[in-house]
Amino acid sequence: MEEKKLDPNSIIGFLLIFGILLFWFYTNQPTPEELEAQKQAQATEQVEEPAEALPETPKPITPVQQPVTYANDSLAQQAYASQVGAFAYTQVKDGETLLENELLTLKISNRGGQVVEAVMKNFVTYDSVPVYLVKDGNALFNLQLATSDNRLLQTRDLYFEPELLEEGANKVLSMKAKTGPDQYLEYRYTIKPDEYLLDFQIRTVGLSGVLNAAQPALIDWQLRGIRHNKSVMYGNRYTRLTYRHEGDQISKLSESSDDEETEVDVRWLSFRQHFFSTILAADEPFASADLTSKNLVEEESKEVQFTKEFGAQMPLDISGGDFTKNLHWYYGPTDIDVLEQYEDLALADSIPYGWGIFGWINRYLFTPFFSFLSSFLPYGIAIVLMTIVVRIVLSPVTYKSYLSQAKMKVLKPEITEINEKYKDNAMKRQQDTMKLYNKAGVSPLSGCVPALLQLPVFYALFMFFPTSFSLRQKSFLWADDLSSYDTVAQLPFAIPFYGDHISLFPILASIAIFFYMMMTTGQTMQTQQPGMPNMKFIMYLSPLMMLFFFNNYASGLSLYYFVSNLITIGIMLVIKNVILDEDKIHAQIQEQKKKPRKENRFQRKMREVMEQAETQKKKK
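Structure representation (structure tokens):
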């Protein structure tokens, strides 16, 4: 583990923390009455104070090893009774109940009846620590209830009596906060074998006279995303609040800044932590939801442990007296193979495949194809093979693009002649150049259109590799995890925008892109028109940008770009040296010039605009 370095900011931070702790100890020191009560108490463990109302950051629940009752502590019992009213009937005890199956371990606290720990059994983080979705108070689930005697109760302050049952192969945990023998609020968790999805039911029995039916109950769910990636900035990019609402609409809060939104008819909420998600889904949609997302990451750091802080508040109508709300909790991987099992809830839509056609390509083409290849090939080889197939499929587009460039190269002498002839008259130079293109049957845009056709595939794959769960912790060559960056050298310092390590796959991809740019822009630069972008500058800038941008990205994506550009270079060499004949192209263009050509509507309009501009210039 790397040793932490102290800098001025760290020293200032420690001083502030020390000052806050001193202030906290001073303001929370016990009163004389409390000291006297403590002396009289026979219990050996300290009673936890009621949580403060709706904290901005969920307050950790202190784990207590042994159950504690308040039966012999009259002052504490009275204080608790005054706070929770009729619910003080419950025999108040601290403790946790374990609920688990082959995939998941949950700890549910008696206080609040909520999940205080959720850990994946089959996954570990980049540093071999078990993957926790809920731990050390990073999550809060609270139900706010108004009572008939004008109290406002928070279930996080109530103590629930646990009862662990078995229903066939399923395990059921019933958590009841009671006001009487047959009057209670119940949280009912049902976990099934080999599933990450739990059934969760909230219901009241015999509380129609206790609760104020005129005021809705309010669910308050908060969670801070725990870091699971080597690069916290990279993991944070795919940590996001996603939700399904108004039928089949899928929306997201901002991935890079603080955001909030109010939505209606919300079916599920996903607090995604890159490759793992915590999802709350409802059989009947929530009427509305107030959603918030707060970004906790400002820069790359090894010390940052949380990525984003999510919050959601949903009202529940209890006007009918006793009520029941059927929900589901999902604690598990953001994996298409797992989430598609819950088709009725459409949880697979929470995976960030991209919007529109990009998402469609990823979900229904690349994901099944890659799953097929990786079922019998190592994952790195599967990436290489998929890249080869994609480039072969797109080779006709590459051919069209290179053919257009070859035609432009053939016309270069005539374009140079026009430029020299009208070097002082830009308008006339442009007019004659367009006439030449029209007579030769060549369009300078014909090389751009094929490139644009490749963009959906380019962007789809850009989203596919960082979000493909199947690549997580799969090694290839020197990369120990294709879903994260590879490291061939660790730097003793951090370079801004680059990082503190050197990844080899981005270097190889950058070199391949440089040679590809040389081939594609070489002819463009030969026929470059005044006012066009400096292609030579772009040729050097693009590989440099990739080198910096992808140093912290998934090595699987860099591997794809490296192989893709190598294959494209090979295809272009074959097209240039075997398929295309520049002499033949020149002869075809000369024949084309002899044929009468009719201007299309766009060409005619452009000619008229240029002629009008030339006429106005002469008048001036």
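No gaps in the numbering here: position 456 of the sequence shown is 456 in full-length UniProt numbering, and each next residue is one more. For each residue, glycine too, the CB sits at the ideal point set by N, CA and C. Note that the structure is predicted; figures quoted are calculated from it, not measured.
Opening and closing residue of the alpha helix (DSSP H) in which residue i lies
{"i": "Leu455", "result": "455-467"}
{"i": "Thr568", "result": "555-574"}
{"i": "Gly235", "result": "232-237"}
Span separating the alpha-carbon of residue i from that of residue j
{"i": "Trp478", "j": "Ile507", "result": "14 Å"}
{"i": "Pro466", "j": "Tyr331", "result": "20 Å"}
{"i": "Asp258", "j": "Gln313", "result": "17 Å"}
{"i": "Met532", "j": "Ile513", "result": "Its pLDDT being 48, under 50, Met532 is placed unreliably in this model, and the value from its coordinates should be taken loosely. Looking at the two C-alpha atoms, the distance is approximately 21 Å."}
{"i": "Gly235", "j": "Val116", "result": "23 Å"}
{"i": "Asn577", "j": "Lys412", "result": "20 Å"}
{"i": "residue 621", "j": "Ile250", "result": "As shown, the chain starts at 1 and ends at 620. That puts residue 621 outside it, with no answer to give."}
{"i": "His274", "j": "Thr334", "result": "7 Å"}
{"i": "Phe548", "j": "Ile575", "result": "32 Å"}
{"i": "Met233", "j": "Glu300", "result": "6 Å"}
{"i": "Leu253", "j": "Arg240", "result": "7 Å"}
{"i": "Asn142", "j": "Leu164", "result": "21 Å"}
{"i": "Leu365", "j": "Gln454", "result": "15 Å"}
{"i": "Tyr184", "j": "Asn326", "result": "17 Å"}
{"i": "Thr568", "j": "Ile383", "result": "16 Å"}
{"i": "Val205", "j": "Gly320", "result": "12 Å"}
{"i": "Lys171", "j": "Phe469", "result": "28 Å"}
{"i": "Asp157", "j": "Arg237", "result": "35 Å"}
{"i": "Ile191", "j": "Thr105", "result": "10 Å"}
{"i": "Leu403", "j": "Pro396", "result": "10 Å"}
{"i": "Val264", "j": "Pro216", "result": "16 Å"}
{"i": "Asp73", "j": "Ala146", "result": "Annotation note: pLDDT 49 at Asp73 (below 50); position unreliable, coordinate value reported separately. Cα to Cα, Asp73 sits roughly 28 Å from Ala146."}
{"i": "residue 627", "j": "Tyr159", "result": "Since the first residue of the chain shown is 1 and the last is 620, residue 627 is not available in this structure."}
{"i": "Lys294", "j": "Ser256", "result": "9 Å"}
{"i": "Pro55", "j": "Gln154", "result": "For Pro55, the pLDDT reaches just 39, beneath the cut-off of 50, and the residue's location in the model is therefore unreliable, leaving the point undetermined."}
{"i": "Arg363", "j": "Leu152", "result": "46 Å"}
{"i": "Ala287", "j": "Leu133", "result": "27 Å"}
{"i": "Gly209", "j": "Ile318", "result": "12 Å"}
{"i": "Glu284", "j": "Ser174", "result": "22 Å"}
{"i": "Ser231", "j": "Lys302", "result": "8 Å"}
Where residue i falls: helix, strand or coil (DSSP)
{"i": "Pro368", "result": "helix"}
{"i": "Glu284", "result": "strand"}
{"i": "Ser270", "result": "strand"}
{"i": "Arg363", "result": "helix"}
{"i": "Asp248", "result": "coil"}
{"i": "Phe25", "result": "The pLDDT assigned to Phe25 is 45, lower than 50, so where the model puts this residue is not dependable, and the model offers no usable value."}
{"i": "Phe493", "result": "strand"}
{"i": "Gln473", "result": "coil"}
{"i": "Ile279", "result": "strand"}
{"i": "Lys93", "result": "coil"}
{"i": "Phe323", "result": "coil"}
{"i": "Thr487", "result": "coil"}
{"i": "Ala509", "result": "helix"}
Distance CB(residue i)-CB(residue j) smaller than 8 Å
{"i": "Ile108", "j": "Thr125", "result": "no"}
{"i": "His245", "j": "Arg267", "result": "yes"}
{"i": "Ser555", "j": "Asn229", "result": "no"}
{"i": "Leu482", "j": "Gly380", "result": "yes"}
{"i": "Leu218", "j": "Gln144", "result": "yes"}
{"i": "Thr307", "j": "Ile336", "result": "no"}
{"i": "Thr242", "j": "Ser148", "result": "no"}
{"i": "Thr398", "j": "Met572", "result": "yes"}
{"i": "Asp194", "j": "Leu103", "result": "yes"}
{"i": "Tyr516", "j": "Asn565", "result": "yes"}
{"i": "Glu340", "j": "Leu291", "result": "no"}
{"i": "Ala509", "j": "Tyr459", "result": "no"}
Opening and closing residue of the beta strand (DSSP E) in which residue i lies
{"i": "Thr334", "result": "It is not in any beta strand (DSSP E) - Thr334 carries neither H nor E in the DSSP assignment."}
{"i": "Tyr184", "result": "183-191"}
{"i": "Tyr379", "result": "It is not in any beta strand (DSSP E) - Tyr379 instead sits in the alpha helix (DSSP H) that spans 379-393."}
{"i": "Val116", "result": "115-124"}
{"i": "Arg203", "result": "197-205"}
{"i": "Leu296", "result": "First-last for Leu296: undefined, no H or E at that position."}
{"i": "Ser109", "result": "104-109"}
{"i": "Tyr132", "result": "130-134"}
{"i": "Asn577", "result": "Premise fails: Asn577 is in no beta strand (DSSP E) and is neither H nor E."}
{"i": "Val172", "result": "170-180"}
{"i": "Asp500", "result": "499-502"}
{"i": "Ile226", "result": "217-226"}
{"i": "Thr307", "result": "306-316"}
CB contact check: residue i to chain D, cutoff 8 Å
{"i": "Asn326", "result": "Structure shown: chain D not included; a single protein chain is present."}
Check: residue i C-beta below 7 Å from any heavy atom of the ligand MN
{"i": "Pro193", "result": "The ligand MN is absent from the structure shown, which contains no ligand whatsoever."}
| Counting Cβ pairs, one atom from each stretch, are 3 or more of them under 8 Å apart for the segment 390-397 and the segment 489-504? | no
| Contact between the segment 275-285 and the segment 343-354: three or more CB pairs below 8 Å? | yes
| field | At least 3 beta-carbon pairs within less than 8 Å: the segment 300-320 vs the segment 209-227 | value | yes
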